[in-house]
Each structure stands twice: as structure tokens, then as C-alpha cells.
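**Student:** Before I ask anything, let me first share the structure, which is written out below as C-alpha cells.
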Amino acid sequence: MRDFNERLVMSLLRQHGSMAKTEIARMTGLSAQTVSVIMRGLEADALLIRGSPQRGKVGQPSIPMSLNPDGAYFFGLKIGRRSSELVLIDFRGTIRRMRQHSYAWPTPEETIAFVMDDIAQLRQAEDRAVWDRIGGLGVAMPFELWNWADAAGAPAGAMDGWREIDMRRELSARCPFPVYLQNDATSACGAELVFGTPLKQCDFIYFYIGAFVGGGIALGGRLFGGRTGNAGALGSMPVPGPGGRTRQLIDVASISVLEKALVARGREAQHLWTAPDDWGDLGEDLERWIEGAAEGLADAIIAAAAVIDFEESIIEGWMPLSVRSEIVRRTRRFLQTKDSEGLSLPDVREGTVGKHARALGGASLPLAERFLVGAPSSPAHSL
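Put into C-alpha cells, the structure is as follows:
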């Protein structure tokens, strides 16, 4: 019970920034004495820090408490079809360190070497206080990565190594802290829950547009991964295509679709992966891709709303903010023109975490598992 109450206090402080003991007692229903004992213990463990006394009210001045940014650190690894990212965040979710590694397609050996080299560099560069407070590594990666070899443009057999390797086990054998693993798009959804702007609603469907579009589901303020952790595999959702045929959302709303269009016209496309803040002037190719992606997303949202009465639909991606905003705007427009009789459609909005949501989602796995209430209900297992 004490462990739960400690998590509850830290979860409130993560959501609200800083709070006085009286506020926490009121919101949790715990006694003032219990809250005082919990917060003294967390402060002694260097997980909380005191703010300046707030005066001006009757009685003793209240002292707001907040999470100590140096109280704990977490690694997050995103393994993607075009690049990997490794981030180190502090207890408040601020990125302290980030490294990116681009490639034509990923291999297990290259990925492990990238991670371990950077962790070794960090261990040499940082003082012992940082290293001793690393709480874990969370890995966000596509499930069955080898099935994406053709779409990634890899030669036959180049990605077969992912069939046999257990990445979580391999990294656990090399790291002195727990390692967690989750689907990459589901992890991005988790980052929105943990680090994003607090939502008024708790049930939402989440789309992350990367090399291939994917997604996640949050129900009751928690990730929902389903029996195998593959719930929210939105890239596989069938959507209408030309001539009355169906196709998958991945075939219209993935950045790889835009990449292929650029390459077919003899244009350079590598900057789609290396410069997500500024794609430059892509002209009609970008215009057609945004239009197709937005309509596909609208169809997917309508289909999902027929199964679960989501209150919000969140769209995030590895792209400039202006492109993300335009996709959201056009998705809303398409939703107004399509047949949704009998359904209550969710509001559509942009994500609040940003393009690094998958890596931050990986880092959120050990953070949520060890310190917060409402840790992911999907199989984000650790070793």
C-alpha cells in the first residue's frame, strides 16, 4: 500500500508540476500525516525537492514539492526502419542526451553496437551520481521487424537476423539495469500519456506517422496493448482505395510512400529521415501525400469509432510541425464529408510530445513501471 501511495504522489507531481502537501492530501484522500510521511521519505531518497515557501494565506506558509530532475534517469531506444535514436531523460522527462544513427535498413548487430557504444561514452563522460541513478532502458521497436524488409528496400535476407534475436534479452545481458520492450508506435502513445499535455479525456486513439504509420490505444488513462501487445496496429487497418478496392493505411499514410514518390521523380529523399524539422519545398509530391494520408486517417478513425467510443484522436509524426498541422486540418475536413451516421466521432488534435515520441515512449517504460500509477497494461516486459 505504501508503494502504491508513493507512486500516486509522484504521478500527481508529474501531472501538476509542483504541489503542496495539503493539495496532495485533498486530491488523494490520504491523511495529511500520511502524505507528510510519504513526502519526507521521497525527499530523503532525493526523488523530490522543495520549492520556495508560499506566503499570503492564513497559517504556516505552504511549501510546494516537485520531482527532482536528478532523482532518476532513463534511457529510451527507438529502433526504426530508417534510423535508431537513443535518448537519456531525467526524472521530469527532459532530454539530457540524444544520439541518432541512420541506415538503409536496420540489423541487430549494428543496433546493439550503436547502443552499447553510446552508453559506454556516457558512463565515461558523466559523474557517478548520474550513472547510479539510471533506472532502466526502454526499447521501442516494431514487432516482427523482418516482415518489413521489402517495404524498407532491404535485399532478400538482409533483415532475417531479427527473426532469431531477442533484443531485450541481448541488451539485458550487456546492461547493469532493467531493460523493457514495447512496440514503437504503442510506446509513442505511452509518451503522450506520460509526458504530453494532460488530456481532458482518457480514451484516445493515437497515430504515429513514421517510415510506416502505426498507432496505439489508451483506455482509462492507460496503454492498452491487448493479448499480444499488438492492439492498435493501425497501419494494418483496411481503408478504401481506388476503384472500390481496399488497401492498408500503411500504404497511404506512411512517409515511405512520400519517399517513393520523390525517388520516382529523381529527387533526393534522404532528408526526410535526417531533417524532420524542415523538409524544404517538396511541391506537388508533398501535397498529394498529405491529401492521401489525411483521407486514409479519416477512414481509419471512423472505423475505430465504430468499435470503441474514443473521445480523442491524436496524430503525431516524424515530420515538420507545419506538415503535421496540415495533416490534422485535412483529416478533420475529410471527417466532415464522410458517412459517419450512427457514430460519435472523436476530436482530432496534434500530439504534444513531438517527433521523438517513440524514443521518449521507450524511456517512459521504466519510468512508469517503477515510479508511476497506471504503468502500461500491455506486455512491456523487463529483464
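Per my numbering, residue 18 is the first one in the sequence shown, and the count goes up by one each step.
Note that beta-carbon positions come from the ideal geometry of N, C-alpha and C, so glycine has one too.
Given the structure is predicted, the values throughout are model-derived calculations rather than measurements.
Roughly how many whole angstroms lie between the Cα atoms of Gln353 and Ile344?
**Tutor:** As a working note, residue 353 is residue 336 in the sequence shown. As a working note, residue 344 is residue 327 in the sequence shown. Roughly 14 Å separates the two Cα atoms.
**Student:** Would you check if there are 3 or more beta carbon pairs closer than 8 Å linking the segment 322-335 to the segment 216-230?
**Tutor:** Taking 8 Å as the limit for Cβ pairs, the verdict is that the segment 216-230 does touch the segment 322-335.
**Student:** Work out the CA separation of Ala281 and Phe131 for me, nearest whole Å.
**Tutor:** In the sequence shown, the residue the question calls residue 131 occupies position 114. In the sequence shown, the residue the question calls residue 281 occupies position 264. Rounded to whole angstroms, Phe131 to Ala281 spans 32 Å at the Cα level.
**Student:** Can you find the residues in the same chain that come closer than 8 Å, C-beta to C-beta, to Gly56, ignoring five residues on each side of it along the sequence?
**Tutor:** By 1-based counting over the sequence shown, the position of residue 56 is 39. The sequence given here has Met at residue 56, not Gly. Cβ within range, chain order: Val26, Lys38, Ile41, Leu65, Met82.
**Student:** Would you kindly report the start and end of the unbroken alpha helix (DSSP H) that includes His288?
**Tutor:** Along the sequence shown, read from residue 1 onward, the residue named residue 288 stands at position 271. Start and end: 288-291.
**Student:** Taking 7 Å as the cut-off, decide whether the C-beta atoms of Val230 and Ala270 are in contact.
**Tutor:** Looking up residue 230 in the sequence shown gives position 213. Looking up residue 270 in the sequence shown gives position 253. Yes, the Cβ-Cβ distance between Val230 and Ala270 is below 7 Å.
**Student:** Look at the Cβ atom of Pro255, then the Cβ atom of Thr263, and state whether they are nearer than 7 Å.
**Tutor:** Your numbering for residue 255 matches position 238 in the sequence shown. Your numbering for residue 263 matches position 246 in the sequence shown. Yes, these two residues count as a Cβ contact at 7 Å.
**Student:** From Lys355, Arg375, Glu386, pick the residue whose C-alpha is nearest to that of Gly93; which is it?
**Tutor:** Counting from one through the sequence shown, the residue named residue 93 turns up at place 76. Of Lys355, Arg375, Glu386, the residue nearest in Cα terms is Arg375.
**Student:** Please state if the CB of Glu276 and the CB of Leu266 are separated by a distance shorter than 7 Å.
**Tutor:** Within the sequence shown, numbered from 1, the residue matching residue 266 stands at position 249. Within the sequence shown, numbered from 1, the residue matching residue 276 stands at position 259. No. Outside cutoff.
**Student:** By Cβ distance below 8 Å, which residues in the same chain neighbour Leu29 in space, the five residues on each side in sequence not counted?
**Tutor:** What you label residue 29 is simply residue 12 of the sequence shown in a count that begins at 1. Contacts found: Met36, Ile41, Met44, Thr45.
**Student:** Comparing alpha-carbon positions, which option in Arg185, Pro86, Trp163, Arg366 lies nearest Ala175?
**Tutor:** By one-based count along the sequence shown, residue 175 stands at place 158. Out of Arg185, Pro86, Trp163, Arg366, Trp163 has the C-alpha closest to the C-alpha of Ala175.
**Student:** Compute the distance between the beta-carbons of Leu105 and Tyr90, then report whether it is under 7 Å.
**Tutor:** Start at 1 with the first residue of the sequence shown, and residue 105 comes out as number 88. Start at 1 with the first residue of the sequence shown, and residue 90 comes out as number 73. Yes, these two residues count as a Cβ contact at 7 Å.
**Student:** Is DSSP giving His373 helix, strand or coil here?
**Tutor:** Counting from 1 along the sequence shown, the entry for residue 373 is found at position 356. Coil, per DSSP.
**Student:** What number of angstroms, rounded off, separates the C-alpha of Val370 from the C-alpha of Gly213?
**Tutor:** Here residue 370 corresponds to residue number 353 of the sequence shown, with the count starting at 1. Here residue 213 corresponds to residue number 196 of the sequence shown, with the count starting at 1. Spanning the two alpha carbons is a distance of roughly 5 Å.
**Student:** Measuring alpha carbon to alpha carbon, tell me which of Ala228, Ala292, Gln50 ends up nearest Val274.
**Tutor:** Here residue 274 corresponds to residue number 257 of the sequence shown, with the count starting at 1. Here the closest residue by C-alpha is Ala228.
**Student:** With Tyr225 and Gly334 assumed to form a contact (beta carbons below 8 Å), what rounded beta-carbon distance in angstroms separates them?
**Tutor:** Position 208 of the sequence shown, counting from 1, holds the residue named residue 225. Position 317 of the sequence shown, counting from 1, holds the residue named residue 334. Contact holds; Cβ gap of about 6 Å.
**Student:** Mind pulling the alpha helix (DSSP H) runs of 4 or more residues that sit fully within the segment 140-174?
**Tutor:** Counting only runs of 4 or more, we get 145-148, 166-169.
**Student:** In angstroms with no decimal places, state the Cα-to-Cα distance between Gly243 and Leu236.
**Tutor:** As a working note, residue 243 is residue 226 in the sequence shown. As a working note, residue 236 is residue 219 in the sequence shown. Gly243 and Leu236: Cα-Cα distance of roughly 11 Å.
**Student:** What residue ranges within the segment 257-311 form continuous alpha helix (DSSP H) runs of no fewer than 4 residues, ordered along the chain?
**Tutor:** Runs found: 267-270, 272-281, 288-291.
**Student:** For Met54, which three-state DSSP category applies?
**Tutor:** For this step, residue 54 is matched to residue 37 along the sequence shown. A quick correction: the sequence has Val, not Met, at residue 54. Val54: helix per DSSP, three-state reduction.
**Student:** So the alpha helix (DSSP H) Val324 belongs to, where does it begin and stop?
**Tutor:** Residue 324 sits at position 307 when you count from the first residue of the sequence shown. Taken as a continuous stretch (DSSP letters only), Val324 belongs to no alpha helix (DSSP H), as it is neither H nor E.
**Student:** Is Gln117 near Leu382, with beta carbons less than 7 Å apart?
**Tutor:** To locate residue 117, count along the sequence shown from 1; it is residue 100. To locate residue 382, count along the sequence shown from 1; it is residue 365. In this structure, Leu382 does not lie closer than 7 Å to Gln117 by Cβ.
**Student:** What would DSSP say about Leu198, mapped onto helix, strand or coil?
**Tutor:** Here the question's residue 198 lines up with position 181 in the sequence shown. Here Leu198 sits in strand by DSSP.
**Student:** DSSP puts Lys95 in a beta bridge; with which residues?
**Tutor:** For the purposes of this step, residue 95 is taken as the residue at position 78 of the sequence shown. Beta-bridge pairing links Lys95 to Glu102, Ala157.
**Student:** Taking its Cβ as the centre, do 16 or more other Cβ atoms sit within 10 Å of Ala317, making it buried, or is it exposed?
**Tutor:** The count along the sequence shown starts at 1 and reaches residue 317 at position 300. When all chains shown are included, Ala317 counts as buried.
**Student:** In whole angstroms, give me the CA-to-CA distance for Arg67 and Arg24.
**Tutor:** To locate residue 67, count along the sequence shown from 1; it is residue 50. To locate residue 24, count along the sequence shown from 1; it is residue 7. Roughly 18 Å separates the two Cα atoms.
**Student:** Tell me which residues share the same chain as Glu127 and place their Cβ nearer than 6 Å to its Cβ, disregarding the 5 neighbours each side in the sequence.
**Tutor:** Within the sequence shown, residue 127 is the residue found at index 110, counting from 1. Once the five neighbours on either side are set aside, Glu127 has no close Cβ partner at all.
**Student:** Given that a residue counts as buried once 16 or more other Cβ atoms are within 10 Å of its Cβ, and exposed if not, what is Gly153?
**Tutor:** Here the question's residue 153 lines up with position 136 in the sequence shown. Label assigned to Gly153: buried.
**Student:** Measure the C-alpha to C-alpha separation of Pro125 and Asp135 and round it to an integer number of angstroms.
**Tutor:** Position 108 of the sequence shown, counted from the first residue, corresponds to residue 125. Position 118 of the sequence shown, counted from the first residue, corresponds to residue 135. Each residue's Cα considered, the two are about 16 Å apart.
**Student:** Output yes or no for whether 7 Å exceeds the beta carbon distance between Ile331 and Arg387.
**Tutor:** Here residue 331 corresponds to residue number 314 of the sequence shown, with the count starting at 1. Here residue 387 corresponds to residue number 370 of the sequence shown, with the count starting at 1. Cβ atoms of Ile331 and Arg387: not closer than 7 Å.
**Student:** Assign Arg350 to one of two classes, buried (16 or more other C-beta atoms within 10 Å of its C-beta) or exposed (fewer than that).
**Tutor:** Within the sequence shown, numbered from 1, the residue matching residue 350 stands at position 333. The residue in question, Arg350, is exposed, as its Cβ has fewer than 16 Cβ neighbours within 10 Å.
**Student:** Go to Ser342, then tell me how far its alpha helix (DSSP H) extends in each direction, as first and last residue.
**Tutor:** Translated into positions along the sequence shown, residue 342 becomes position 325. It spans 338-354 - the alpha helix (DSSP H) in which Ser342 sits, taken as one unbroken run.
**Student:** From Lys372 to Glu285, what distance separates their C-alpha atoms?
**Tutor:** Here residue 372 corresponds to residue number 355 of the sequence shown, with the count starting at 1. Here residue 285 corresponds to residue number 268 of the sequence shown, with the count starting at 1. Between Lys372 and Glu285, the C-alpha separation is close to 21 Å.
**Student:** Within 10 angstroms of the Cβ of Lys355, are there 16 or more other Cβ atoms? Answer buried if so, exposed if not.
**Tutor:** Along the sequence shown, one-based indexing puts residue 355 at 338. Classification for Lys355: exposed.
**Student:** Indicate the three-state DSSP secondary structure (helix, strand or coil) for Ala17 in the structure shown.
**Tutor:** As shown, the chain starts at 18 and ends at 400. That puts residue 17 outside it, with no answer to give.
**Student:** Between Leu289 and the ligand GTP, is there a pair consisting of the residue's CB and a ligand heavy atom that are separated by less than 6 Å?
**Tutor:** This structure lacks the ligand GTP, and indeed carries no ligand of any kind.
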